[in-house]
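Residue numbers (my numbering): 94 to 366. Please read the structure below before turning to the comments.
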């Protein structure tokens, strides 16, 4: 099996017009030939979140650091790691991500010498600081033995193969533009995880995709979005990774222009013979 990992972030068409920078971030961490960590985060970008680009950048780094450390700790013990993630994924792991993100945000805010908001008791208002950096987070760990997915907030984690297409995690659909966020108190309670053992006889190729909500929101419904995911899979099969990777930014920019106008990030792992 050969695994190719690639992705792109593009500034949304509406953000280009308003001069707002892209608030999305992505990161990939290849641990070995069979193991990779993928992460995508979407900073909220509202007036209340002026530093959400830094928030999303911090989010993807935190996910890769924490899950990478667990892969190192359980190196050579995939069954033990599988059991641990199945039992602790949406509790201990989610708590660690929440706490580490908030720790880094406070350190960054202080290092940048930004104004410190105060609460009624005139103490530093940490919650107000976190809100300035609000971000969602999607994460996926692929190993030879299992996949582990993590989601806090909107966005999509998709798997496409010859047998069909499905959401690895069914993300919460919150009314309006609100979404769950790392910036909120006890954000870990809103995290959703999924873990599943890989099938030895699974037919290749298989495509995994993490995408910020700007992609799905550019289509009128989930059926149209899934059709696009299937199109990417077909393009990878017929034209190869390089062709798709080389054109990805252009395609995502066109999608934003014709769709919701938001930033779009898509990060792929493609397994083939």
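For every residue, glycine included, the Cβ atom is placed at its ideal position computed from N, Cα and C.
Determine the contact status of residue i and residue j, defining contact as a CB-CB distance below 8 Å.
| i | j | result |
| --- | --- | --- |
| residue 298 | residue 365 | yes |
| residue 127 | residue 237 | yes |
| residue 133 | residue 305 | yes |
| residue 228 | residue 140 | no |
Could you tell me the distance, in whole angstroms, from the CA atom of residue i to the CA atom of residue j?
| i | j | result |
| --- | --- | --- |
| residue 311 | residue 123 | 30 Å |
| residue 114 | residue 170 | 42 Å |
| residue 268 | residue 257 | Residue confidence is low: residue 268 scores 42 on pLDDT, short of 50, so the model does not pin down where it sits. Its coordinate-derived value is still stated next. Cα to Cα, the separation comes out at about 28 Å. |
| residue 392 | residue 277 | No information on residue 392 is available, as it lies outside the stretch 94 to 366 that the chain covers here. |
| residue 335 | residue 184 | 39 Å |
| residue 279 | residue 106 | 33 Å |
Under 8 Å by Cβ, that's how I've got residue i and residue j pegged, so tell me the actual separation to the nearest angstrom.
| i | j | result |
| --- | --- | --- |
| residue 234 | residue 160 | 5 Å |
| residue 308 | residue 261 | Not really, about 15 Å apart at Cβ, beyond 8 Å. |
| residue 175 | residue 290 | 7 Å |
| residue 247 | residue 272 | 4 Å |
Apart from the five residues on each side of it in sequence, which residues of its chain come closer than 8 Å, Cβ to Cβ, to residue i?
| i | result |
| --- | --- |
| residue 177 | 163 and 167 |
| residue 195 | 219, 223 and 275 |
| residue 173 | 167 |
Which residues in the same chain have their Cβ closer than 7 Å to the Cβ of residue i, if we skip the five residues on either side of it in sequence?
| i | result |
| --- | --- |
| residue 345 | 101, 103, 357 and 359 |
| residue 198 | 148, 151, 222, 223 and 226 |
| residue 143 | 225 |
| residue 287 | 242, 261 and 262 |
Apart from the five residues on each side of it in sequence, which residues of its chain come closer than 6 Å, Cβ to Cβ, to residue i?
| i | result |
| --- | --- |
| residue 210 | 218 and 221 |
| residue 98 | 121, 129 and 362 |
Using 8 Å as the cut-off, can you tell me whether the stretch 139 to 154 makes contact with the stretch 313 to 321, which would need three or more C-beta pairs spanning the two stretches below that distance?
Touching, no.
Segment contact, 8 Å Cβ cut-off, at least three pairs: the stretch 272 to 285 with the stretch 349 to 358:
Output reads no: the stretch 349 to 358 does not touch the stretch 272 to 285.
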